[in-house]
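Engineer: In the working numbering, the protein residues as written are 1354 to 1606. Have a look at this one before I ask anything.
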């Protein structure tokens, strides 16, 4: 069994006041240490945020590149336990017509923000089981850009499946609810929403009357979830993020 988490960190901005990343960081670190996930897909992770996580979470490797042309900026990195996995392959590609052009994006109906997906191939050091993990953050403005991202992701999953023949897990902030076309495209192609029926994830630090489900853990056929939950706890009036992280205990046959 593996515990995997999709965790939008909320990028570091002083506009968040008492909820700014520097104030939330001790709570984030304590929660990760207590929950002890095997794999975490982080979104909205700026370079200094990544360094803070790396410097304090010594049990994890954190891999993946930034989205900007200089390969810095926000990233969708993947953290995994050093003592449980060997890394076979790591790749960051852009959600764009030219997936290996740093800083590229879809030319129409997308915010100015480039978007990336990180992929890793891992092997369990205990039983030798290998599988893939993907993590992304799709555009927050462009519906067409998100639909194109789903098409691109499906193409990539097919290519990697033919090349490697491995099961996969897919974490991310997809900026779309389950009934949206961009999500329906994924589920119709066989991706299983392991958190189906779970409550909303984006709560805007508790300001929304109803949270929106836009964060997911998808899986290939055959992978099952023993349990799924939201990390919805608070401490001293602080949230872990403006999104609830989604955690699943999964079995990969």
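Every residue, glycine too, gets a C-beta built ideally from N, C-alpha and C. All figures in this text were calculated on a predicted structure; none of them were measured in a lab.
Would you list the residues sitting across from residue 1525 in a DSSP beta bridge?
Structural biologist: Counting from one through the chain shown, the residue named residue 1525 turns up at place 172. Answer is 1489, 1569.
Engineer: Are the region 1546-1559 and the region 1567-1576 in contact at 8 angstroms, needing three or more beta carbon pairs?
Structural biologist: Yes: at least three Cβ pairs fall under 8 angstroms.
Engineer: Quick check: the Cα distance between residue 1580 and residue 1602, rounded to an integer number of angstroms?
Structural biologist: Here residue 1580 refers to the residue found at position 227 when the chain shown is read from its first residue. Here residue 1602 refers to the residue found at position 249 when the chain shown is read from its first residue. Rounded to whole angstroms, residue 1580 to residue 1602 spans 5 angstroms at the Cα level.
Engineer: Does the separation of the CB atoms of residue 1431 and residue 1358 fall below 8 angstroms?
Structural biologist: By 1-based counting over the chain shown, the position of residue 1431 is 78. By 1-based counting over the chain shown, the position of residue 1358 is 5. For residue 1431 and residue 1358, no; Cβs fall outside 8 angstroms.
Engineer: Any idea which residues DSSP pairs residue 1605 with across the strands?
Structural biologist: As a position in the chain shown, residue 1605 is number 252, starting the count at 1. For residue 1605, which the question treats as bridged, DSSP gives no partner whatsoever.
Engineer: Report the three-state DSSP secondary structure of residue 1508 (helix, strand or coil).
Structural biologist: Walking along the chain shown from the start, residue 1508 turns up at place 155. Helix.
Engineer: Note the first and the last residue of the continuous alpha helix (DSSP H) segment covering residue 1382.
Structural biologist: Translated into the one-based positions of the chain shown, residue 1382 becomes position 29. Here the alpha helix (DSSP H) through residue 1382 covers 1374-1388.
Engineer: Specify the secondary structure class of residue 1350 as computed by DSSP and reduced to three states.
Structural biologist: As shown, the chain starts at 1354 and ends at 1606. That puts residue 1350 outside it, with no answer to give.
Engineer: Could you give the distance in angstroms between the alpha-carbon of residue 1475 and the alpha-carbon of residue 1406?
Structural biologist: What you label residue 1475 is simply residue 122 of the chain shown in a count that begins at 1. What you label residue 1406 is simply residue 53 of the chain shown in a count that begins at 1. Distance between the alpha carbons of residue 1475 and residue 1406: 20 angstroms.
Engineer: Less than 6 angstroms between C-beta atoms, sequence neighbours within five positions excluded: which residues of the same chain meet that for residue 1625?
Structural biologist: Missing from the structure shown is residue 1625; the chain here goes from 1354 to 1606 and no further.
Engineer: What does the Cβ neighbour count give for residue 1429, buried or exposed, with the cut at 16 atoms within 10 Å?
Structural biologist: Here the question's residue 1429 lines up with position 76 in the chain shown. With 16 or more other Cβ atoms within 10 Å, it is buried.
Engineer: Below 8 angstroms on the Cβ atoms is my contact criterion, and I expect residue 1493 with residue 1396 to pass it. Report the Cβ-Cβ distance as a whole number of Å.
Structural biologist: Stepping through the chain shown from its first residue, residue 1493 is reached at position 140. Stepping through the chain shown from its first residue, residue 1396 is reached at position 43. About 11 angstroms; that fails the 8 angstroms criterion.
Engineer: What is the DSSP secondary structure of residue 1533, counted as helix, strand or coil?
Structural biologist: Here residue 1533 is taken as the residue at index 180 of the chain shown, counted from 1. In the structure shown, residue 1533 sits in coil (DSSP, three-state: anything other than H, G, I, E or B).
Engineer: Find the nearest neighbour of residue 1449 within the set 1600, 1506, 1398, 1410, judged by alpha-carbon distance.
Structural biologist: Translated into the one-based positions of the chain shown, residue 1449 becomes position 96. That would be 1506, whose Cα lies nearest to the Cα of residue 1449.
Engineer: Quick one: what's residue 1396 bridged to in DSSP?
Structural biologist: As a position in the chain shown, residue 1396 is number 43, starting the count at 1. Bridge partners of residue 1396: 1361.
Engineer: Counting C-beta neighbours from all protein chains within 10 Å, is the total for residue 1371 16 or more, i.e. buried, or is it exposed?
Structural biologist: The residue you call residue 1371 lines up with position 18 of the chain shown. When all chains shown are included, residue 1371 counts as exposed.
Engineer: Using a threshold of 8 angstroms, state whether the C-beta atoms of residue 1418 and residue 1427 are closer than that.
Structural biologist: Taking the first residue of the chain shown as 1, we reach residue 1418 at position 65. Taking the first residue of the chain shown as 1, we reach residue 1427 at position 74. No, the pair does not count as a contact, with Cβ atoms beyond the cut-off.
Engineer: Exposed or buried, residue 1391, counting other C-beta atoms within 10 Å across all chains shown (16 or more means buried)?
Structural biologist: By one-based count along the chain shown, residue 1391 stands at place 38. That one is buried.
Engineer: Below 8 angstroms, can you find three or more Cβ-Cβ pairs linking the region 1361-1375 to the region 1462-1472?
Structural biologist: Judged by Cβ distances under 8 angstroms, the region 1361-1375 makes no contact with the region 1462-1472, as fewer than three pairs qualify.
Engineer: Within 10 Å of its beta-carbon, does residue 1596 have 16 or more other beta-carbons around it, so buried, or fewer, so exposed?
Structural biologist: Translated into the one-based positions of the chain shown, residue 1596 becomes position 243. Burial call: buried.
Engineer: With residue 1415 as the anchor, note down where its beta strand (DSSP E) starts and where it stops.
Structural biologist: Residue 1415 sits at position 62 when you count from the first residue of the chain shown. First-last of the beta strand (DSSP E) with residue 1415: 1413-1416.
Engineer: Name the residue from 1470, 1414, 1375 whose alpha carbon lies nearest to the alpha carbon of residue 1342.
Structural biologist: Residue numbering for the chain in the displayed model covers 1354 to 1606; residue 1342 lies beyond these limits and cannot be assessed.
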